[in-house]
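J.: I am attaching a structure below and will ask some questions about it afterwards.
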Amino acid sequence: MLRNKLLIFTCFVLSSYFVYINADLNLQENNIDETRNSQQNINAYNFADEGIHPPQRANCRCTNGKCEIENGKEVCKCPPGFGYLTSSFCKACDCGPNQGCKWKSTGWLGSEQICFCNPGYLEDNGKCVETPCSSNPCKNGGNCTQSGNSFTCKCVKPYTGKTCETSPCTSNPCKNNGKCEVDGQGFKCNCTGPWKGKTCETATPCSSNPCKNGGNCTDSGSSFACKCVQPYSGKTCETSPCSPNPCQNGGNCTVDGKNFKCKCKSPYKGKNCEQGPCSSNPCKNGGTCSVDGQNFKCSCKKPFTGNMCEKGPCSSNPCKNGGTCSVDGQNFKCSCKKPFTGNMCETGPCSSNPCKNGGTCSVDGQNFKCSCKKPFTGNMCETDPCSSNPCKNGGTCSVDEQYFKCSCKKPFTGNMCETGPCSSNPCKNGGTCSVDGQNFKCSCKKPFTGNMCETDSCSPNPCQNGGTCSVDGQGIKCSCKSPFKGKLCETGPCSSNPCKNGGTCSVDGQNFKCSCKKPFTGNMCETGPCSSNPCKNDGTCSVDGQNFKCSCKKPFTGNMCETGPCSSSPCQNNGKCAVEGQSFKCECPKPYKGKNCEISPCASNPCQNNGKCKVDNENFKCECKAPYNGSLCQNGPCSSNPCQNSGV
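Position 105, counted from 1, in the sequence shown is what the working numbering calls 227; the numbers after and before it change by one each time, with no gaps.
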């Protein structure tokens with residue numbers, strides 16, 4: 123019941139939404155009028171959900187619930203954990219596990235909660251506990267009835283037992299692997315193989331399972347016939363692909379489907395274990411290979427050596443100029459290509475150095491060829507450097523020792539006066555270059571202009587996003603494709619980078635579309651695991667795969683930084699706990715003190731003569747046993763020493 127409280131709610135209309143702002147005023151007795159005009163002592167009161175709410179349908183209001191169609195009408199339905207305060211207002215229950223509630227009006231804006239147990243639960247000492255039938259103990263379609271704290275099962279025939287667990291098949295009546303199934307009021311055996319009879323008890327010629335290796339046996343009068351599974355054969359399917367053993371090198375043969383499979387001994391492999399370290403003939407030059415553990419070992423013929431007998435007299439490639447090396451006893455022998463001769467084919471047409479003036483000699487067929495240093499020419503580089511008039515563009519040639527020297531006319535330069543203003547092809551876009559005094563001059567093809575014909579306003583195309591470029595009197599002009607705009611068509615739906623968290627933006631008609639990276643969602647990929655700010659106590663949230671991860675500020679811990687020094691409620695006697703550094707600090711109500719507010723004025727037992735100490739406001743108070751009195755129960759009948767003459 124509400125007492126000494128004035129409930130206030132304010133409703134603001136905001137476009138097509140409404141806002142609840144709820145508060146209560148704590149009223150002092152006899153001062154209600156005064157408090158009505160006060161703006162103090164206003165605390166949040168959860169009479170209804172505060173915040174912005176979408177409007178309800180005109181014919182169905184349902185605060186904290188959901189409107190549903192029932193018998194053709196819209197009615198307000200409360201979710202689990204809520205009860206009806208009115209037919210259109212659901213209020214949260216505070217009853218405990220497995221319970222629901224309903225609310226009863228107790229006056230002006232007052233209400234009282236009435237708790238009840240959910241279906242399948244019973245009240246026991248104020249708690250809702252499961253009924254004996256809640257776990258559906260009756261099997262095989264049996265009907266459960268509660269009987270006190272126990273239950274009784276009414277079984278469907280032919281099932282019996284306390285929980286209807288017993289059937290005609292429970293005793294396994296079918297023999298020889300027959301499969302039992304309930305049949306009306308009894309049972310039926312589905313017999314396998316050669317067995318028959320009500321309980322598969324009758325044997326046939328196939329009862330001894332004469333067919334081996336999975337063969338199927340068929341009765342044939344007083345005998346039998348085997349239908350063998352491939353690859354087996356024989357009267358009783360006794361013959362297999364492993365007989366005789368196809369596996370080489372000690373391999374173990376097993377049947378695999380319609381064929382055989384070899385389990386090879388290490389280091390052998392292959393279908394028939396035929397592959398081993400020596401299978402690739404690794405020993406060269408006639409060496410003999412043998413298996414050595416997991417590897418091979420080569421026994422080499424002289425003069426060869428090495429792990430694979432690969433080293434011999436020819437290993438260092440002693441034959442030059444393409445000669446072929448062969449072993450000759452303990453040494454080598456070279457077979458030379460023409461025109462080379464000598465023990466190692468070292469003698470050829472260039473051996474006599476026929477090229478003059480520093481020319482380079484190379485073999486050309488059966489002869490030699492000279493590559494001459496400039497400016498010398500001729501078969502052997504013997505020709506005078508200036509004989510071919512090497513100086514270009516009117517330059518004058520003169521011999522300078524072994525070279526030629528060109529005296530060039532301006533503006534030409536270079537060893538052969540080959541370099542001029544037009545040498546670098548300065549005229550672009552097909553322009554024609556000509557020498558003009560000390561410089562060059564370009565004759566440009568339309569529409570190119572400039573000193574080097576380099577100017578073309580629309581190349582490269584400055585218009586972005588498929589815009590079309592044209593030139594007018596004011597310069598370039600871009601015709602943009604929708605939805606792009608701007609001088610260069612540079613502005614579009616994705617220009618503002620609307621897709622957050624690494625999302626990829628693409629143009630979709632006149633708008634944009636975001637392709638979000640997991641785990642982000644939303645039109646602009648703005649929603650992720652951290653959107654709800656799950657990390658408490660100023661913890662920092664970061665995305666971790668498909669979930670979130672909290673980095674907690676010390677001293678807080680836990681998946682959501684929810685655990686701190688005050689989590690265990692260390693402050694006793696209603697002390698207030700506050701986090702201080704890596705620990706906690708208790709603010710103790712008077713008269714308590716101590717780190718955990720555990721020390722009270724009664725801790726020193728100040729009351730004498732078995733008086734009882736109680737905390738009283740900021741001090742203590744002694745309740746004295748008769749006949750004692752006083753603030754510490756120190757006064758009694760003997761306090762005035764009435765006994766004279768040393769009497770006690």
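Yeah, the Cβ is synthetic: ideal placement off N, Cα and C, and Gly gets one too.
Could you check the C-alpha separation between Q704 and C652 for me, to the nearest Å?
T.: The residue given as residue 704 occupies position 582 in the sequence shown. The residue given as residue 652 occupies position 530 in the sequence shown. One C-alpha to the other measures close to 26 Å.
J.: What does T446 pair with, by DSSP beta-bridge criteria?
T.: As a working note, residue 446 is residue 324 in the sequence shown. BP columns for T446 point to S457.
J.: What does a CB cutoff of less than 8 Å around T505 pick up in its chain, not counting 5 residues either side in sequence?
T.: Reading the sequence shown from its first residue, position 383 is the one you call residue 505. Correct list, in chain order: F498, T499.
J.: What are the boundary residues of the beta strand (DSSP E) that A214 is part of?
T.: By one-based count along the sequence shown, residue 214 stands at place 92. Unbroken beta strand (DSSP E) run through A214: 211-214.
J.: In the DSSP assignment, find the unbroken beta strand (DSSP E) run with V701 in it and report its ends.
T.: In the sequence shown, residue 701 corresponds to position 579, counting from 1. Counting along the chain, the beta strand (DSSP E) containing V701 begins and ends at 698-702.
J.: State the Cα-Cα distance for the pair G336 and S345, rounded to the nearest angstrom.
T.: Position 214 of the sequence shown, counting from 1, holds the residue named residue 336. Position 223 of the sequence shown, counting from 1, holds the residue named residue 345. Each residue's alpha carbon lies about 19 Å from the other.
J.: Going by C-alpha to C-alpha distance, which of P713, K717, G487 sits closest to F706?
T.: Here residue 706 refers to the residue found at position 584 when the sequence shown is read from its first residue. That would be K717, whose Cα lies nearest to the Cα of F706.
J.: Within a Cβ cutoff of 6 Å, which residues of the same chain sit near K433, ignoring the five residues on either side of it in sequence?
T.: Position 311 of the sequence shown, counted from the first residue, corresponds to residue 433. For K433, where only same-chain residues beyond five positions count, the Cβ hits under 6 Å are T427.
J.: Using a Cβ distance threshold of 8 Å, determine whether the stretch 436-446 contacts the stretch 462-473, with at least three qualifying pairs required.
T.: Result yes; three or more Cβ-Cβ pairs closer than 8 Å.
J.: What is the DSSP secondary structure of P176, counted as helix, strand or coil?
T.: Within the sequence shown, the letter at position 54 stands for residue 176. Since pLDDT at P176 reaches only 45, below the 50 mark, its modelled position is unreliable, and the value read off the structure follows with that caveat. In this structure, P176 counts as coil in the three-state DSSP scheme.
J.: How about E772 and K297: are their beta carbons less than 8 Å apart?
T.: Only positions 123 to 770 of the chain appear in this structure, which leaves residue 772 out of reach.
J.: Give me, in chain order, the residues of the same chain whose beta-carbon lies closer than 8 Å to that of C364; leave out the 5 immediate sequence neighbours on both sides.
T.: As a working mapping, residue 364 is identified with position 242 in the sequence shown. Result list for C364: C375, T376, V377, F382, in chain order.
J.: Opposite D305 in the DSSP bridges: which residues?
T.: One-based indexing of the sequence shown puts residue 305 at position 183. G308, per the DSSP bridge assignment.
J.: Measure from the alpha carbon of C611 to the alpha carbon of each residue in S618, S761, S601, P620, then state which is nearest.
T.: For the purposes of this step, residue 611 is identified with residue 489 of the sequence shown, where counting begins at 1. Per the Cα distances, S601.
J.: Output the distance between the C-alpha atoms of I154 and W230, rounded to the nearest integer angstrom.
T.: Taking the sequence shown and counting its residues from 1, one reaches residue 154 at position 32. Taking the sequence shown and counting its residues from 1, one reaches residue 230 at position 108. Low per-residue confidence applies at I154: pLDDT is 28, beneath 50, and the placement is therefore not dependable, though the value from the model is reported in the following sentence. For I154 and W230, the distance between alpha carbons rounds to 16 Å.
J.: Assign S138 to one of three DSSP states: helix, strand, or coil.
T.: In the sequence shown, the residue the question calls residue 138 occupies position 16. Its pLDDT being 31, under 50, S138 is placed unreliably by the model, and the measurement read from it follows with that caveat. Coil, per DSSP.
J.: If we call anything under 8 Å between Cβ atoms a contact, is P677 one with P687?
T.: Translated into positions along the sequence shown, residue 677 becomes position 555. Translated into positions along the sequence shown, residue 687 becomes position 565. It is a contact, given that the beta carbons lie within the stated cut-off.
J.: Looking at C-alpha atoms only, which residue of K609, G608, N633 is the closest neighbour of C619?
T.: Numbered from 1 along the sequence shown, position 497 holds the residue referred to as residue 619. The sequence given here has Asn at residue 619, not Cys. Closest option to N619, Cα to Cα, is N633.
J.: Within the continuous beta strand (DSSP E) that includes I721, where are the two ends?
T.: Numbered from its first residue, the sequence shown carries residue 721 at position 599. Run containing I721: none; DSSP gives neither H nor E here.
J.: Check C591 in the structure and name its three-state DSSP category.
T.: Looking up residue 591 in the sequence shown gives position 469. Looking at C591 - three-state DSSP - the assignment turns out to be strand.
J.: Provide the residue span of the beta strand (DSSP E) that contains G434, from first to last.
T.: Taking the first residue of the sequence shown as 1, we reach residue 434 at position 312. Careful: G434 lies outside any beta strand (DSSP E) and carries neither H nor E.
J.: Under 8 Å, do G264 and C275 count as touching if we go by C-beta distance?
T.: Residue numbering aside, residue 264 sits at position 142 when the sequence shown is read from its first letter. Residue numbering aside, residue 275 sits at position 153 when the sequence shown is read from its first letter. Going by C-beta atoms, G264 is nearer than 8 Å to C275.
J.: Got a sec? Which residues, its chain only, sit under 7 Å from G650 by beta carbon, not counting five neighbours each side?
T.: The residue labelled residue 650 in the question sits at position 528 within the sequence shown. Once the five neighbours on either side are set aside, the close Cβ partners of G650 are N623, P641, F642, V665.
J.: So, are the CB atoms of C359 and C369 less than 8 Å apart?
T.: As a first step, residue 359 must be located in the sequence shown, where it is residue number 237. As a first step, residue 369 must be located in the sequence shown, where it is residue number 247. No, they are not a contact pair.
J.: Between G771 and C647, how many whole angstroms is the CB-CB distance? I'm expecting something under 8 Å.
T.: Because residue 771 is not part of the residues shown, which for the chain are 123 to 770, the question remains open.
J.: So, does the CB of G559 fall closer than 8 Å to a CB anywhere in chain D?
T.: Note that chain D does not occur in the displayed structure, where there is just one protein chain.
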